[in-house]
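274 is the number that my numbering gives to position 236 of the sequence shown; each next residue is one higher, with no gaps. Positions of the beta carbon are idealized from the N, C-alpha and C atoms, including for glycine.
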Amino acid sequence: MARMEVKTSLLDNMIGVGDMVLLEPLSEETFINNLKKRFDHSEIYTYIGSVVISVNPYRALPIYSPEKVEDYRNRNFYELSPHIFALSDEAYRSLRDQDKDQCILITGESGAGKTEASKLVMSYVAAVCGKGAEVNQVKEQLLQSNPVLEAFGNAKTVRNDNSSRFGKYMDIEFDFKGDPLGGVISNYLLEKSRVVKQPRRERNFHVFYQLLSGASEELLHKLKLERDFSRYNYLSLDSATVNGVDDAANFRTVRNAMQIVGFMDHEAEAVLEVVAAVLKLGNIEFKPESRVNGLDESKIKDKNELKEICELTGIDQSVLERAFSFRTVEAKQEKVSTTLNVAQAYYARDALAKNLYSRLFSWLVNRINESIKAQTKVRKKVMGVLDIYGFEIFEDNSFEQFIINYCNEKLQQIFIELTLKEEQEEYIREGIEWTHIDYFNNAIICDLIENNTNGILAMLDEECLRPGTVTDETFLEKLNQVCATHQHFESRMSKCSRFLNDTSLPHSCFRIQHYAGKVLYQVEGFVDKNNDLLYRDLSQAMWKAGHALIKSLFPEGNPAKINLKRPPTAGSQFKASVATLMKNLQTKNPNYIRCIKPNDKKAAHIFNEGLVCHQIRYLGLLENVRVRRAGYAFRQAYEPCLERYKMLCKQTWPHWKGPARSGVEVLFNELEIPMEEYSFGRSKIFIRNPRTLFTLEDLRKQRLEDLATLIQKIYRGWKCRTHFLLMKKSQIVIAAWYRRYSQQKRYQQIKASALVIQSYIRGWKARKLLRELKHQKRCEEAATTIAAYWHGTQVRREYRKFFRANAGKKIYEFTLQRIVQKYFLEMKSKMPSLSPIDKNWPSRPYLFLDSTHKELKRIFHLWRCKKYRDQFTDQQKLIYEEKLEASELFKDKKALYPSSVGQPFQGAYLEINKDPKYKKLKDAIEEKIIIAEVVNKINRANGKSTSRIFLLTNNNLLLADQKSGQIKSEVPLGDVTKVSMSSQNDGFFAVHLKEGSEAASKGDFLFSSDHLIEMATKLYRTTLSQTKQKLNIEISDEFLVQFRQDKVCVKFIQGNQKNGSVPTCKRKNNRLLEVAVP
C-alpha cells in the first residue's frame, strides 16, 4: 500500500481550522461548524493549543497504521495535521528527553471514545519506545491488561456498546532511556449495582456473556453453568447479544490476555468460579414464612442453586443458608440475632453479589499490578493515562451519577488551573508580559459537594451514621436546611421561595448547577448506596469458604479479627480516592484529550449539532479557547517560522545567514506588520490576532504560486535543451551505425566471391589427384593378379607329387568341408525373423554339429538383439530402462505389476505447458517436470479422498490444487525416506517423510493412483539420481503412516465393494485406516 501523503505543517491544505485558537470569528456557532466541516472530511482531531479534541467517527479510519506512527515520531507538535499521535509523541519525548513526568487526561461522556483513545496512546508509546525481549514483554503485558479489565469492568449501555463502568488511571513507568519498566493501575468506583440490575436495553458486565458464549462444554459443566442466558436472573435478555460483538471470540482473547499478563491456570479458574457463583446467586429466591411469635422470616425456595454455589465456593450449605435468613448484631459484649424477611433476604443476596464481584475486580487490578510492576528499584519516569467516566446527565440520575459528576468537577477545576499555569509559565519563560485572565472558577461547586462541615457528602455520611430512623427523605430534609442558600443548589423543599412553584423540580429530588449544566438528582437510594452494607454473617460465611480466592476477599469475616468500627462509606472512600488522584495529577505535566460524541445512534457520518453543542458547553471548550487567546493566539519557534515565510522577503530568500530571530525581525519589518500584532519571545514569535497569521498565509500562497511559475519556466528550458542534445547525440550514433553496416555488407560480398573461386580451384585439384590415384591402383591390381596366377601354377605342380599319398585324408577333409558348407547355406535360407521374441530355430542336421548349432543360435540371438537395440532412440532406451527397473522392483511382488507391463510410461499425463488453466502452476515451477498426474490424496481425518496434481521434478515432489493450480505442498526429495504399498491389485501408496523436516509437520502422504507402478519407479530412479541413495520400497498389506503426532496403521483387506472394482478407504478409529480391495 502506498504511503499516505504527509502534510508538512498544521496550516498546509487545512480543512477548516486545525487549531481552534486561530478560529475567526470565535463563537459557539463557528466552533461547531468548524468541527462539523472537519468531521465530514474524516478529520476527527482538532487542537485547542496543546489540547486535542477527538470526535468519535464510529468507523475504522486508515490513520493509525505503522506508517502514520513513523510520520509523527520525533516531530514538532504543530508540524503535521492534528492527531492523537502528535500529543502522545509530545508527552513521550518530554518525559524521555526533559525528564518531566507526564499525565494524559482523557475526558468526555459515555460513547465519546475515551477507552479507544487511551488504547491508541498506549499503542503509540509501545511502538516508538525501545525494543528487546524484556522490553517487548513489558509492553505486551501493559497492552494485554486492557482486554482483561474491559471484560470485567465494561458493559453495553444505551450510549456505548463498550462503556467503561469504572475509572482507570494507569501510571506507566520508564527508565532513563525511555523504555517501559512496568506500570501501576488504579481503579475508581466500579458500578457494582449493575451486577444485580441493569437499565432497559443495557447489559451486565461483558464477562458474564463471554463466559456463557465462549466456554467449552467441559468448563461450563465444571462451573455448573448452562449456555442459555435466560436461565440467569442477573442477565438482561433484551440486549443479551450485541451486533458486531463476538462474545465467544472475546472470551478466548481474555483467556489469552490473562495468560500473557501472568495469571496462573489455577488463578484464572478461581476467577471464573467466582464469576459463576455471582451468576448463580441471582437465581436464589426466597419465600415468606411466619413464626410462632408472629415475626416474618424467609426461606430459600429451591436449595439446588444454593447447593451448587456451596460446591463451587467450598462453603458449608447450612452456614450460607443461615446467613441468608438471620442477621447478627454485636454491641460490646452482646449479640442479637434477628430473622430477615423476604425483602431483607433479597437485599442481603444482592449485597453479597455486588460485594463479591466488586472485591473480585479489585483483586484482579492488584493481581495485574503484581505482574506489570517495575522489577527494578532505580528512579523511574512516569506517564499517567487517565480514562475516567465523563459527565453524565440521564433521565434518572442517582448516587452513581452524583459521584461521577463530582469527579468531573474536580477534573475541570484542575484542568483550568493547570492550563492557566502552563500558559503563564510559557509567557514568563519567553519574557512576554502576562495579562490576568478572568474565568469561571468551579471551586464553589466542589466546595458544595466535598466541604467537610456542610458539604453534601459530609451531610450524607452524617445521616448514614446517626442513630434512629434514616431514610432518603431525612437526608433531603437535612440538605434543604444546610444548603438552601447556596446559589448552585436547588430544591423544591428548601427555604428559597423561588423554587416552590417550579414544576420541573419534583419533591423527592434536588438539583445542582454544575459547570456543565444543571443536573436533577433523585434522592432515592442515596443512603443505601452510600452505606454499601454487607451483613457480618455473610462476610463470616465467605471467610469460611474452602475457596482460597473467596476467603482472601473477605478478611473482615475472620472471627479473630472482628472490628466493631463501622466501615467507611462509599462516598468518603471515593472522595479520598479523588483527592489522591488530584494530588498525583498536580505533580505531572498535563496533556488533555477531550472526546466528543457526534450522535446518539452510534452511527458513522452523522453529526448532531445540538448534542455536540451540549458537550462543548459542559467540557468548557470555548472557555479554553478564550484562555489561550487572551494573550496571543499563535506562537511558533523562530526556525520553523523563518523556514515557512522566508520567501516573502528578498533578504531572507532563499537562505538567511544569521540567527533565526534576526531573520524573522527583518521579515516582519519588510512586510510592515503593525508592532502591536506580535511580540518577540526568547525562542518564539507570538502573534496576537489570527487574522495576521491568515494574512501571512495568503501572502505565502501567492508567493508559492509565483515561485512555481518560475520553476516551471526554468524546467521547461532545461527540458528543451536536454531534448536537443539528446537528438544530436542520437543522430551521431545512427550515422556511425549506418557506416558500419555498409562496410560490413561490402566485406561480406567480397568474402563470398573469394570462397566461390577457392571452391572451384580445390575441386579441380581434387579431381586431378583422383585420376592419378585410380591409374596407380589399376597398375597395382594387375601386378597382383599376374603374381597370383603364377604362384597357383607353381603350387599345383608341387601338389601333384603328393596327392596320391594323402588322398583319403584329403577326401575326408573335402567331404567335411562340403557338409559344413551345405549346412551354412541351408541355415542361411532357414534363418528365423529378426524379432528378439521369436524362439524358432532350424533343426540340427548332423549330430557332430550339436555344439556348433547351439553356439550359432546364441550368437544369432545376441546379434539380432543388438540390431533391435540399435534402432532405439534415447527416449525409448530410457523407457525400457524404467520398465526393467519396474520389473526388478515389483515383479512377483505386486499383483498390479503384470497389467502395467504393456502400458507405456508417459510421465506427463497433464499437458501443463499447453493448457492455459495451468499457466500459474507452470510459471511457479522452474525445473523439468518428470511426472504430472492427478492423484487422490487421502484425508488424514476421515479417509475421504481429494483430487490433487502430483508433480515430480529433479529435486522436489509437489502437490497442487486441481482447480486453481495453487501449490499446496513442496517436499525436497532428500526428505522422502520410504514408499509403502500393498501386494494387492490396488493403487494406494504412502510417501514417508524424514522426521523433523519442515515438510513432515503435518505427517506423511497417502495417495491413490491409476499409474502406481510408473510413479513409484520414476520416484525411485529420480531419488537415486539426486541423493545417490536407494529409496526404500516397502510392499506389505499392513504398514504404519505418520499423521501429525499420531502413527496410523493402514491395513488392506479383501472385500465385496459397492462401487464394483474400485478399492475404498475408511477411517475405523484414531489408529486404523482400512482399505477394502475387491
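Among the options, nearest to residue i - alpha-carbon criterion
| i | options | result |
| --- | --- | --- |
| L1069 | R1059, E460, A1037, R405 | R1059 |
| L1031 | G1025, D1024, G1041 | G1041 |
| R290 | I441, S251, Y827 | S251 |
| A286 | G300, A306, E255, E307 | E255 |
| A98 | D139, L748, E154 | E154 |
| L734 | S768, R682, V1113 | R682 |
| D127 | G56, N114, Q136, K138 | N114 |
| Y676 | R655, C687, P326, V702 | V702 |
| V420 | I426, Y427, A412 | A412 |
| D434 | V423, N1107, S546, Q1067 | S546 |
| E240 | F77, S202, F928 | S202 |
| K1016 | H244, L1057, K982 | L1057 |
| F267 | N242, V173, S938 | N242 |
| V166 | R134, K1085, S1046, L1011 | R134 |
| A381 | F1077, A820, R741, E327 | E327 |
| N480 | N490, P185, E500, I454 | I454 |
| V1117 | E1072, Q1080, P1101, L1110 | With the chain running from 39 to 1116 in the structure shown, residue 1117 is simply not present. |
Collapsed DSSP secondary structure at residue i in the structure displayed
| i | result |
| --- | --- |
| V44 | Because V44 sits at a pLDDT of 40, beneath the cut-off of 50, its placement in the model cannot be relied upon, and the following sentence gives the value as read from the coordinates. The answer is coil: DSSP assigns V44 none of H, G, I, E or B. |
| D209 | strand |
| M421 | strand |
| E1072 | strand |
| M52 | coil |
| G1041 | strand |
| S103 | coil |
| L543 | coil |
| P712 | coil |
| P326 | strand |
| A1132 | Residue 1132 is absent from the model: the chain starts at 39 and stops at 1116. |
| I410 | helix |
| L737 | helix |
| A614 | helix |
| D888 | helix |
| R896 | helix |
Residue(s) in a DSSP beta bridge with residue i
| i | result |
| --- | --- |
| Y559 | N435, F548 |
| K1104 | E1112 |
| D1019 | According to the sequence as given, residue 1019 is Met; it is not Asp. In DSSP, M1019 forms a bridge with F1027, I1073. |
| A193 | S201, F243 |
| N994 | P1010 |
| P218 | F212 |
| I634 | V93 |
| S983 | I976 |
| K1133 | This structure cannot settle anything about residue 1133, because the visible part of the chain is limited to 39 through 1116. |
| L989 | A970, L996 |
| E335 | E327 |
| Q674 | I723 |
Buried versus exposed, by CB contacts within 10 Å (16 or more), residue i
| i | result |
| --- | --- |
| G1093 | exposed |
| K1001 | exposed |
| R530 | buried |
| L807 | exposed |
| N629 | buried |
| W756 | exposed |
| W581 | buried |
| M42 | Note that M42 has pLDDT 37, beneath the 50 cutoff, so the model's placement of it is unreliable and no number is given. |
| V93 | buried |
| R1082 | exposed |
| P597 | exposed |
| D1024 | buried |
| E800 | One point to set straight first is that residue 800 is Arg, not Glu, in the sequence displayed. Label assigned to R800: exposed. |
| K339 | exposed |
Discussion item. List, from N- to C-terminal side, the beta strand (DSSP E) runs of 3 residues or more that fit wholly inside the segment 792 to 879.
Written reply: Entirely contained in the segment 792 to 879, not one beta strand (DSSP E) run reaches 3 residues.
Exercise. Could you pull out every unbroken alpha helix (DSSP H) segment of at least 4 residues lying fully inside the segment 906 to 957, listed in chain order?
Key: 912 to 928, 935 to 939
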